[in-house]
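For reference, the structure is listed below as structure tokens.
Protein chains: 2
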Amino acid sequence: MSNNAGPVRHARMRERNLGVVLAEVVRHQPVTRARLADLTGFTKTTVSNLLAVLADAGLVRDGGLVHEGERGRPGVAVSVDGDGTAGLGLEINVDYLAACVIDLGRRVRHRHLVAADNRGRSAEAVIEALARLAEQALASATEQGLIVAGAVVALPGLLDRERGLLRRAPNLGWTDAPAGDLLRAGLPPLRLPADQDNEANLAALGELWFGAGRQLGDFVHVSGEIGIGAGIVVDGQVFRGAHGYAGELGHFVVEPGGALCACGGRGCLEQTAGQEAILRAAGLTELTATSAAGTDGSLSALITLLEAGDARALAAVTRAGEALGSTLASVVNLLDPDTVVLGGIFSPLAPWARPAVERALAEGSGTLRGSVPPVVVSGLAGGAAVLGAAGLVLDRIVADPALLL
Amino acid sequence: MSNNAGPVRHARMRERNLGVVLAEVVRHQPVTRARLADLTGFTKTTVSNLLAVLADAGLVRDGGLVHEGERGRPGVAVSVDGDGTAGLGLEINVDYLAACVIDLGRRVRHRHLVAADNRGRSAEAVIEALARLAEQALASATEQGLIVAGAVVALPGLLDRERGLLRRAPNLGWTDAPAGDLLRAGLPPLRLPADQDNEANLAALGELWFGAGRQLGDFVHVSGEIGIGAGIVVDGQVFRGAHGYAGELGHFVVEPGGALCACGGRGCLEQTAGQEAILRAAGLTELTATSAAGTDGSLSALITLLEAGDARALAAVTRAGEALGSTLASVVNLLDPDTVVLGGIFSPLAPWARPAVERALAEGSGTLRGSVPPVVVSGLAGGAAVLGAAGLVLDRIVADPALLL
DNA sequence: CATCATTCGTCCATAATCTGGACTAATAAA
DNA sequence: TTTATTAGTCCAGATTATGGACGAATGATG
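Line order of the protein sequences matches chains A and B. This note's numbering applies: residue 114 is where the first sequence begins, and numbers increase by one. This note's numbering applies: residue 114 is where the second sequence begins, and numbers increase by one.
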């Protein structure tokens, strides 16, 4: 029957407990040993011992004094050491590359995004360019006295995480690209092995840790850039499915027999609600992504049109919102999330798209359950995935500090 | 950040390890201490100590001798004690009530199903009838020398597991029925608290432990009786969603503006692929369920028609299969299961429905991922949920034997 | 200003649990 | 009969959390 816990020896017990204490320090930032004992259920002695190990590893440090009660001896403030360990987040997307460094205290220490049309280029060339971005990020980190413990790359496609393979990325035109190996070769070795994950999954985690998801535990995050994916977060963890392909919203069939998609199917959601489809429907011939750094130029052109009240643009966005909303209705019926978060391009487009999304969502779901989950707009927009990637490195450390000795 | 593991004290360490050893005994049935040491990674000493505790609790026992290698002293065969602890499974469905008792060795010791149209009846009355069924089951168990440790009830609707409330069961016509309290009152107190779960979730678990799912770890199980639900199993665990409503397939909209559903919506899958809808489309006026014990009489009438090659019946089943298949395509895109299992009424109907299901499934999914998950037919058909309910009791014990001292 | 109650953190003896090597038992092969 | 091999137990040792005692630091009280 089901049993996911392996044998627990003394060493493993301690490793877990280190994680428990560190997680509590992260959650309650300047906190005394006595309060940590309350929070965790350990004795003060045990808390002190565990903290000593964490301090040796450079993960926490004592700050000033804190007075919690009215009388009594003040406690020593224990905080996360934000000047020691950091995580490196990287992202390859269809029209840009990105890198960021975040320290254990969750401050963004470095962030860099370069527009680049990666559609035609080979995986080797793109990863080479990403490696240069990573080098800059690492240099910036060491300059600030940080030690980068690990890296995670966000990729827009289906990937085989075990073998480090990007199996299919229809929007990049890549098939079976050995992204993992290439990246490992391009990067200096870090303490933790470089890992990769789906862009949509990491965007959802970015939202969870740095955006609207902070208060949420269970939600679905729609991350639409060129493609459309969903990151499903349940109880603070990403739901990946059997092969890691869960949440592939972009290729839901919303219009049987509709436009041909890069994936080979017809009438996929991306062909109605993807960035290019929206721009085309709005009458904006697509410009090359390099025309603007950071955000895509044509997207801001679309927003200008929308702000001016252009009917054709509004119709395109409304139609996209409806298609997305009815797809999300299926998601809600199946996964029962607490909240739906609109990210990616849907975040800036929300003022115009959201009503349509909510309408279609309410129509297709909620009849049985009684309530429709609220639709929230991400404040991070396109930047969520890199942040999530860097955050994932830190999350792993917090969950199991023993990874760093 | 995410950390689901609480503090680990010595006692908790031992409890987990008891579960690890017991799970390995269950998996490899007659097994020696030495091999258990290999399997778990513990020393032989530790295995012996843990087994002593499990034996005291009546969960395992020593059998004869086993010779594993070519030479050397033979080992003592340790097996699960199938004559001690058992689990009670109960089920309330629209047209029947069921109960079963399964021992730790996974043998079904008692099984009883009574046809009963529960549609008009009050929750109190139905639960009263179920309690009588449970009493018979308990009597049968004690007669066989078994101690029933706990019970789980399968219910066809959305439920609030924490408050023990059946929130909505459109096919029964119940709203906010305090099923949990009623049941606890009707049953003698057991060692573990009586619990309840969705019929679809438990059917999936039944399939996992007693049916086609044995070899599978990740699958989606469609359990269609009157309503249509899906149980999502990931890594041997049911995926429930934020509020426990995940997998509600029956109210996917497959025909916008279609027939009115009991849930209040229009064009729900149940209105096309539900048992009553199929029978109606096949020209069979629905008979009362009490006309046959065990299986629904009209369903076997439908099968007779199908076997005779009746065109109208075939068209009805094909249409249902197509609707189900296109809904399953969404499921596959979102959840990425390894396999799709057809259970409930779709199990006997599979010879006629399966091609349509597979066609629609292949059409809507698989374009991106390259492969469509295989569609497997359950051998348990309607009985899966009760089995899963009883199995869940046993699964909890195996995962944490400390529950029984 | 001295005293007291209170709270914080550490020290130390104790208890629980797993490990690892030594030892006995039982079997097949030589 | 002897030897090699494997199974299971025993016992000392190591690791880790516990719990009470104790000193330290602070506000309240008189």
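All C-beta atoms in this analysis are idealised placements derived from N, C-alpha and C, irrespective of residue type, glycine included. All figures in this text were calculated on a predicted structure; none of them were measured in a lab.
Residue burial classification, residue i (beta-carbon count within 10 angstroms, cutoff 16)
i                      : result
residue 310 of chain A : buried
residue 142 of chain A : exposed
residue 186 of chain B : exposed
residue 356 of chain A : buried
residue 364 of chain B : buried
residue 230 of chain B : exposed
residue 373 of chain A : exposed
residue 402 of chain B : Here residue 402 of chain B scores only 44 on pLDDT, less than 50, and its place in the model is too uncertain to base an answer on.
residue 276 of chain B : exposed
residue 406 of chain B : Any answer about residue 406 of chain B is weak, because its pLDDT of 39 lies below 50 and its placement is not dependable; what the coordinates show is given next. Burial call: exposed.
residue 178 of chain A : exposed
residue 383 of chain B : buried
residue 514 of chain A : buried
residue 450 of chain B : buried
residue 132 of chain A : buried
residue 121 of chain B : buried
residue 180 of chain B : exposed
residue 388 of chain A : buried
residue 377 of chain B : exposed
residue 440 of chain B : buried
residue 425 of chain A : exposed
residue 158 of chain B : exposed
residue 477 of chain B : buried
residue 404 of chain B : A caution first: residue 404 of chain B carries a pLDDT of 43, below 50, which makes its placement in the model too unreliable to give a value.
residue 334 of chain B : buried
residue 114 of chain A : Here residue 114 of chain A scores only 48 on pLDDT, less than 50, and its place in the model should not be relied on; the value that follows carries that caveat. So residue 114 of chain A counts as buried.
residue 325 of chain B : buried
Beta-bridge pairing of residue i - partner residues as DSSP gives them
i                      : result
residue 311 of chain B : B:268
residue 188 of chain A : A:179
residue 263 of chain B : B:200
residue 332 of chain B : B:346 and B:452
residue 596 of chain B : Absent from the structure is residue 596 of chain B, since the part of chain B shown begins at 114 and ends at 518.
residue 341 of chain B : B:337
residue 144 of chain A : A:191
residue 287 of chain B : B:282
residue 381 of chain A : A:366
residue 205 of chain B : B:210
residue 373 of chain A : A:379
residue 351 of chain B : B:346
residue 174 of chain B : B:192
residue 106 of chain B : Past the edges of chain B, shown from 114 to 518, lies residue 106 of chain B, and the structure says nothing about it.
Whether residue i touches residue j by CB criterion (9 Å)
i                      : j                      : result
residue 497 of chain B : residue 201 of chain B : no
residue 198 of chain B : residue 518 of chain B : no
residue 290 of chain A : residue 300 of chain A : no
residue 346 of chain B : residue 362 of chain B : no
residue 491 of chain B : residue 438 of chain B : no
residue 463 of chain B : residue 432 of chain B : no
residue 214 of chain B : residue 244 of chain B : no
residue 193 of chain A : residue 138 of chain A : yes
residue 420 of chain B : residue 469 of chain B : no
For residue j and residue i, believed in contact at Cβ under 8 Å, the rounded distance
i                      : j                      : result
residue 313 of chain A : residue 344 of chain A : 5 Å
residue 284 of chain B : residue 359 of chain B : With a Cβ gap of about 19 Å, residue 284 of chain B and residue 359 of chain B do not count as contacting.
residue 293 of chain A : residue 278 of chain A : 7 Å
residue 212 of chain B : residue 247 of chain B : 6 Å
residue 332 of chain B : residue 452 of chain B : 4 Å
residue 447 of chain A : residue 444 of chain B : 6 Å
residue 136 of chain A : residue 511 of chain A : 6 Å
residue 501 of chain B : residue 319 of chain B : 3 Å
Just by C-beta distance, which residues in the region 128-144 of chain B are closer than 7 Å to chain A? 129, 130, 132, 133, 136 and 139
Could you please tell me which residues of the region 288-303 of chain B, in chain order, have their CB closer than 8 Å to any CB of chain A? none
What are the residues of the region 446-465 of chain A that lie near chain B, defined by any Cβ-Cβ distance shorter than 8 Å? 446, 447, 448, 449, 450 and 451
Which residues, taken in chain order from the region 304-325 of chain A, show a beta carbon closer than 8 Å to some beta carbon of chain B? Residues of the region 304-325 of chain A with a C-beta atom less than 8 Å from some C-beta of chain B are 322, listed in chain order.
May I ask you to list, following chain order, the residues of the region 357-372 of chain B that have a beta carbon less than 9 Å from some beta carbon of chain A? 357, 358, 359, 360, 361, 362, 363, 364, 365, 366 and 369
Chain A contacts from the region 188-215 of chain B (Cβ-Cβ distance under 8 Å): Those residues of the region 188-215 of chain B placed with their C-beta closer than 8 Å to a C-beta in chain A do not exist.
Along the region 150-161 of chain A, what residues have a CB closer than 7 Å to any CB found in chain B? Answer set for the region 150-161 of chain A: 153, 154 and 155.
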